[in-house]
Each structure stands twice: as C-alpha cells, then as structure tokens.
Amino acid sequence: MSLSPVWTEQTVFNPELYVPRRLGGLVDFIAELRQSLPVRKRILPGGKVELAFLLDGSDVTEFYMGWDPPSERGPRKDFGLVFSVSNRPQIVSARRIHILLVLMNPAAAMLLFGVPASEFTNRTVRLADLGIPTAGLQDRLNSLPSFTERAQAVEEWILNRLRHSGNPPNFLAIAQNVIDIFGDGRTVPDGRQVMDFTGYSTAHANRLAKQWLGLPVERYAALTVYRKALALLNSPLSLAEVATRAGYFDQAHFTRRFRDYSGVSPGQYRLTHRTGLDTLHLD
C-alpha cells in the first residue's frame, strides 16, 4: 500500500455534515460523501460505531476492517453496513462512491441492533445479516433530492428503532466521564486508574465495557489515548511533545502504539494527505 499519493483537487472528499439534535449523546453526526472518480481511503480507528448506507451510483471494490475474512474484502453491493470499535484501519476503495455515514456512540450497537459492541469489533457486518429490514429506507434515501432530507430520514429511522430499545445502564455515563477525562488536556490516567473510577470489579467492568463499548476497559482507555495523540498530531507540537501530552511513556512507546493502530508511524501520518475528516486518508 503506497503512502505517497498523487494529490489532485479531483480526489478531495468534501463531506456534508448534519448534527441530529434529537439524537444528542448517541449520534455525533451524519455525513454524506460523494466521489465520482476512483478513490482509495484508509480510515483510522475512532472508538465509534459507524453505520454506512451505500446509495445508488456507488461502485465499491473494497470495504473492510482488520478482522474481516478475505471473502468479505471484495466488491460490496450491500445497502447497509455497520462496523464498530476497532484498533485497525478500515479500507474503502471505489470507482465511484455515494455514501451516508452515521458516526455513533459505541452503545448504538446494543441500543439499535441488540448486539454487543464487541460482536462488531474490527468487523464489518451487513444490516441484512442482523435481520434488520432496510428496503423502505433504501428506496427513500435514493429518491430524496437533498442531503438534509436524507440525513433527516436516517435520523427518523434511528429514532424509531430507539423507541423499541431499553434504557442504557449507568455504565454509559461512566464511559462518557472517561472520555471527558482524556479530552480535558490534563494528565491522562492509565487503565488501572480508569478501572478504579468505574467503581465496579475488574471482571464486571470489563463485561460491561465489552458489551457497550466493544473493548475491555484498559483497551478502550488505550484507544482513547491514541485518539488524543491523533488530534495532537494535527498541531505544531513535536512528536516528543505529542507523546508526553497524550500520556505515553516516551516517544518510542508512542511510535509503537501509533503504528499498531494506524499501520503508519506518527511521522508518516503527518506527511499523508488527510481529507474531509481528520481520520480520512488517501492511500
């Protein structure tokens, strides 16, 4: 996989974004991406559940995550795909693409689909395989004339599914507090400190975390540290300063962990063109 792309204005993604106010806390945003020329993207791990709707006109040759088997890494004709918390990049390659992407809290896996988030970890799953009917939604999204209308239709579809789900446990509030800790710019706690913060036993906290977040507590905490480092890499800070502020032991430790998650070093990341969103790469 080449990391020295030929960059032209024609290859730039210009996503449209819609923030569904009625789904605050569960859905970060709904985005629409449209590309009429061949494109290949690497999407770095983000600690989220993502829902992708491939609309008419898409010609997808690859759409896979780290643990998808070889048989599922070829052309995609499915309308709805869902993928969850990961520690490996996702690859999307298409001759043409028109996609609605819903970025969600990991709890969406249980709330919307009744499946623990860990079932989707590093996997791409078809909505059809979860027994979720989408024919009506597919027809509607392909017939609506504007992005805003399509985004609102997806928002309503999610709300309808939520009306049939139960209430999330208190652990989700704790998870949000963990996210806030890592985002507040202070010293980042390690996994053991996060475990103490939950108030649960290690075994019970990990069971809940795998169900609702997709990963055990310490691995989720490590993913959050990586995401903090990813954001800091988009600043003028040196690599050593990024490592310190993100909470790594030293720059060598930071480089090893970053490569584990991204498949590239922090220095390569800074040299790679990023388009639309900070995790979207052109390979």
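If you want our numbering, it's the position in the sequence shown, counting the first as 1, plus 158.
Using N, Cα and C, we set each Cβ at its ideal position, and we do this for glycine too.
Chain B within 8 Å of residue i, Cβ atoms only
| i | result |
| --- | --- |
| Ser251 | Absent from the structure is chain B; it holds one protein chain and no more. |
Nearest-angstrom Cα separation, counted from residue j out to residue i
| i | j | result |
| --- | --- | --- |
| Phe412 | Ala401 | 6 Å |
| Lys386 | Gln369 | 23 Å |
| Ser301 | Leu258 | 14 Å |
| Ser323 | Gln409 | 44 Å |
| Pro291 | Leu181 | 21 Å |
| Gln296 | Phe237 | 7 Å |
| Arg403 | Arg415 | 15 Å |
| Ala210 | Val240 | 6 Å |
| Leu213 | Arg321 | 26 Å |
| Ala252 | Pro196 | 6 Å |
| Ala389 | Thr430 | 14 Å |
| Ser393 | Ala380 | 21 Å |
| Leu270 | Val283 | 14 Å |
| Met159 | Leu391 | The predicted position of Met159 is uncertain, since its pLDDT is 30 and thus under 50; no value can be drawn from it. |
| Phe307 | Arg377 | Here the sequence assigns Glu to residue 307, which means Phe is not the residue at that position. Rounded to the nearest angstrom, the two C-alpha atoms are 38 Å apart. |
| Arg417 | Arg198 | 20 Å |
| Pro286 | Arg319 | Reading the sequence as shown, one finds Ala at residue 286 and not Pro. One C-alpha to the other measures close to 15 Å. |
| Gly183 | Pro228 | 35 Å |
| Pro303 | Gly232 | 30 Å |
| Val218 | His362 | 41 Å |
Own chain, CB closer than 6 Å to residue i, minus 5 neighbours either side, in chain order
| i | result |
| --- | --- |
| Gly372 | Ser242, Val243, Pro264, Ala275, Ser276 and Thr279 |
| Leu261 | Asp186, Phe187, Lys206 and Glu208 |
| Gly224 | Arg246 and Asn280 |
| Ile255 | Gln193 and Ser216 |
| Arg298 | Ala311 |
| Ala309 | Tyr176 and Ile188 |
Exposure of residue i, with buried meaning 16 or more beta-carbon neighbours within 10 Å
| i | result |
| --- | --- |
| Pro163 | Because Pro163 carries a pLDDT of 32, less than 50, the predicted location of this residue cannot be relied on, and no value is offered for it. |
| Pro203 | buried |
| Asp226 | buried |
| Arg234 | buried |
| Ala293 | exposed |
| Pro178 | buried |
Own chain residues within Cβ distance below 7 Å of residue i, not counting five before or after
| i | result |
| --- | --- |
| Ile249 | Arg200, Glu220 and Tyr222 |
| Pro374 | Asn364, Ala367 and Lys368 |
| Ser420 | Leu202, Pro247 and Tyr427 |
| Leu175 | Phe187 and Ala189 |
| Val273 | Ala267 and Leu288 |
Beta-carbon contacts of residue i that lie in its chain and below 8 Å, excluding the five residues immediately before and after
| i | result |
| --- | --- |
| Tyr406 | Val383, Ala387, Phe412 and Arg415 |
| Leu317 | Arg180 and Leu181 |
| Glu230 | Tyr222 and Thr282 |
| Phe305 | Glu174, Tyr176 and Glu190 |
Quiz item: Would you say the region 389-407 touches the region 424-432, given that touching needs at least three Cβ pairs under 8 Å?
Solution: Yes, since at least three Cβ pairs between the region 389-407 and the region 424-432 fall closer than 8 Å, the two stretches touch.
Self-check item: Touching by the beta-carbon criterion (3+ pairs, under 8 Å), the region 181-200 and the region 310-317
Solution: Yes, the region 181-200 is in contact with the region 310-317.
Practice problem: Could I get the ranges of all uninterrupted beta strand (DSSP E) runs contained in the region 222-294, with 3 residues as the minimum, in chain order? | Solution: Segments of the beta strand (DSSP E) lying fully in the region 222-294: 238-241, 248-262 and 282-284.
Quiz item: In chain order, which alpha helix (DSSP H) runs of at least 4 residues are fully inside the region 357-388?
Solution: Scanning the region 357-388 for uninterrupted alpha helix (DSSP H) segments of 4 residues or longer gives 360-370, listed from N- to C-terminal end.
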